[in-house]
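*Asks:*
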Amino acid sequence: HDPIPAACPAGPAGPAPEPPSLFTWEFAADPYPAYAWLREHAPVHRTTLPSGVDAWLVTRYADARRALADGRLSKNPDTHSGRAHAKGKVGIPGERNAELVSHLLNIDPPDHTRLRRLVSKAFTPRRAAAFAPRVQELTDRLIDGFAARGSADLIHEFAFPLPIYAICDMLGVPAEDQDDFRDWAGMMIRHGGGPRGGVARSVKKMRGYLADLIHRKRAELPAEARPGEDLISGLIRASDHGEHLTENEAAAMAFILLFAGFETTVNLIGNGTYALLRNPAQRTLLQESLDRGESALLATAVEELLRYDGPVELATWRFATEPLTLAGERIAAGDPVLVVLAAADRDPARFDGPDTLDLARRDNPHLGFGHGIHYCIGAPLARLEAQTALATLLRRLPDLRLAADPDDLRWRGGLIMRGLRTLPVEFTPER
Ligand code: HEM
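Take 2 as the starting number for the sequence shown in UniProt numbering and just add one per residue.
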């Protein structure tokens, strides 16, 4: 594979330089120079993805934001890209077999509007806020597991288990079954972008389990709805109040909450911690503000970490429902369009000093959680988890440091998600 030019080539007048190679290992380690090139020379760029599907990449902030809210771009792979989907090249592996495809990220209005309204009733910012003590408890328990050792792999021992236990708790998966989820999730994350057989099996098991759990909870649910129950009960109740959420839809919803809320949060904690370790002055600022008992910088810090190296590199699939023009490029009906959030969030036309980590950044309308009707419904939970995780790490392990050469760290080469495979750290053992 050709290495990617270290800096965006200014390019003397003449033929446009060749586009950088995308989706190589070098690209996975640092895609930002390639994105800078695309923003400048080919802001809407047609490329062949590793799966063999041809898709358009949208890399400028203004175009990306517009595309995310453009009703002519459908999320439904069945109606608009039947062939690629049928070959299993689009969407979540195993989805075709699971009979549970009608989740939020795969549908358009009016179905999307109805389902989103129902899930929003169950998944409220209040429910997330009420969950704060539980997230703190989980965070401390995980750190207890390695604090006395003086070293850890923060991905495997911390960033990975925290979101899976948190979302399982929130959904109402009994504690004794949560380790199964940890295994299935581990399979999904380990093989993301790799062999799909194991992933498809794990997806199927998870969905089977959730369908069964919903069935059981529905039978057990008291006739009088009680507030403050788990999210699955909330989803079932929402369906029982005159509006329609079939058992299948509730299972698909629970699954997508897990699927969308798991690897993303792993990578926000992983990428975020890594960025702090690589930017000592910024990390010190944050640590000092936490020592003073302030939380304002922690809040802007998590937003900045989402912008600077967010977990969702590309938004999920969109398909043109009609021919359209984006930044001068003609896009045919049926063409897949991928909005590159990671590129948009480093666009110098929108952000001052976009390649600088500035935890106090105020003007920060990043696209890390998307934009428009598909805007992340789990954002309050993700923020809570990331803020708790980072603050607790810095408080309990104040001299946390990287225990590897950054050049030796490996990034997952998946398409949608961006994250480290491992994050070895050292610190003075806690006594
Ligand atoms: C949608 C990012 C955590 C559930 C999205 C989208 C993004 C995103 C970019 C829009 C995708 C698109 O338009 O194609 C993130 C990030 C997270 C995170 C960066 C963590 C750091 C969570 C959590 C949950 C969740 C914790 C649930 C527990 C969802 C759902 C959607 C979604 C259900 C689909 C919404 C819809 O289509 O209406 N997320 N997410 N996410 N996210 Fe998140």
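All residues carry an ideal CB built from backbone N, CA and C; glycine is no exception.
Source: prediction; values computed, not measured.
1. Spatial neighbours of Gly195 within its chain, please: C-beta separation below 7 Å, excluding the five flanking residues on both sides.
2. Is the beta carbon of Glu386 sitting closer than 7 Å to the one on Val136?
3. Look up Pro407 in the DSSP assignment and say whether it is helix, strand or coil.
4. Would you mind reading off the limits of the beta strand (DSSP E) that contains Arg293?
5. Can you tell me the Cα-Cα spacing of His86 and Pro78, whole angstroms?
6. Using a Cβ-Cβ cutoff of less than 6 Å, which residues in the same chain neighbour Val120 once the five nearest sequence positions on both sides are dropped?
7. Note down, one range per segment and in chain order, each beta strand (DSSP E) of at least 3 residues found wholly within the stretch 310-398.
8. Let me check one thing: in DSSP terms, what residues is residue 454 bridge-paired to?
9. Buried or exposed, going by whether 16 or more other CB atoms sit within 10 Å of the CB of Tyr376?
10. Could you check which residue in Leu106, Ser22 and Pro44 has the C-alpha nearest to that of Ile378?
11. Go ahead and pull the three-state DSSP assignment for Leu58.
12. Buried or exposed for Pro337, please, with buried defined as at least 16 other CB atoms from any protein chain shown within 10 angstroms of its CB.
13. Given a threshold of 16 other Cβ atoms within 10 Å of its Cβ, counted over all protein chains shown, does Ala333 qualify as buried or as exposed?
14. Over the uninterrupted beta strand (DSSP E) stretch that includes Ala153, give me the two end residues.
15. For the alpha helix (DSSP H) that contains Val45, what are its first and last residues?
16. With a Cβ-Cβ cutoff of 7 Å, do Ala252 and Ala212 count as a contact?
17. How big is the Cα-Cα spacing for Arg183 and Pro164?
18. What three-state label does DSSP hand Leu74 in the structure shown?
*Replies:* On the basis of the supplied data:
1. By 1-based counting over the sequence shown, the position of residue 195 is 194. Because the pLDDT at Gly195 is just 44, under 50, the model does not fix this residue reliably, and the value given afterwards should be weighed accordingly. Excluding residues within five positions, none has a Cβ falling inside 7 Å.
2. Sequence index remark: in the sequence shown, residue 386 carries index 385 (1-based). Sequence index remark: in the sequence shown, residue 136 carries index 135 (1-based). In this structure, Val136 lies closer than 7 Å to Glu386 by Cβ.
3. Reading the sequence shown from its first residue, position 406 is the one you call residue 407. Pro407: helix per DSSP, three-state reduction.
4. As a position in the sequence shown, residue 293 is number 292, starting the count at 1. Arg293: not part of any beta strand (DSSP E); DSSP gives it neither H nor E.
5. Sequence index remark: in the sequence shown, residue 86 carries index 85 (1-based). Sequence index remark: in the sequence shown, residue 78 carries index 77 (1-based). Note that His86 has pLDDT 49, beneath the 50 cutoff, so the model's placement of it is unreliable and no number is given.
6. Position 119 of the sequence shown, counting from 1, holds the residue named residue 120. If we look at Val120 and ignore the five residues flanking it on each side, its Cβ neighbours are Met254.
7. Counting only runs of 3 or more, we get 319-321, 325-327, 330-332 and 337-340.
8. What the structure shows of the chain is the stretch from 2 to 432, and residue 454 is not part of that stretch, so it cannot be assessed.
9. In the sequence shown, residue 376 corresponds to position 375, counting from 1. Result: exposed.
10. To locate residue 378, count along the sequence shown from 1; it is residue 377. The option with the nearest alpha carbon to Ile378 is Leu106.
11. The residue given as residue 58 occupies position 57 in the sequence shown. In the three-state reduction of the DSSP assignment, Leu58 falls in the strand class, which pools E and B.
12. Numbered from 1 along the sequence shown, position 336 holds the residue referred to as residue 337. By the neighbour-count rule (16 or more Cβ atoms within 10 Å), Pro337 is buried.
13. Residue 333 sits at position 332 when you count from the first residue of the sequence shown. By the 10 Å Cβ count, Ala333 comes out exposed.
14. Indexing the sequence shown from 1 puts residue 153 at position 152. Segment Ser152 to Asp154, the beta strand (DSSP E) holding Ala153.
15. Here residue 45 refers to the residue found at position 44 when the sequence shown is read from its first residue. That residue, Val45, is in no alpha helix (DSSP H); its beta strand (DSSP E) goes Val45 to Thr49.
16. In the sequence shown, counting from the first residue as 1, residue 252 sits at position 251. In the sequence shown, counting from the first residue as 1, residue 212 sits at position 211. Result yes, Cβ atoms of Ala252 and Ala212 sit closer than 7 Å.
17. The count along the sequence shown starts at 1 and reaches residue 183 at position 182. The count along the sequence shown starts at 1 and reaches residue 164 at position 163. The C-alpha of Pro164 is placed about 10 Å away from the C-alpha of Arg183.
18. Against the sequence shown, residue 74 aligns to sequence position 73. Per DSSP, reduced to three states, the secondary structure at Leu74 is strand.
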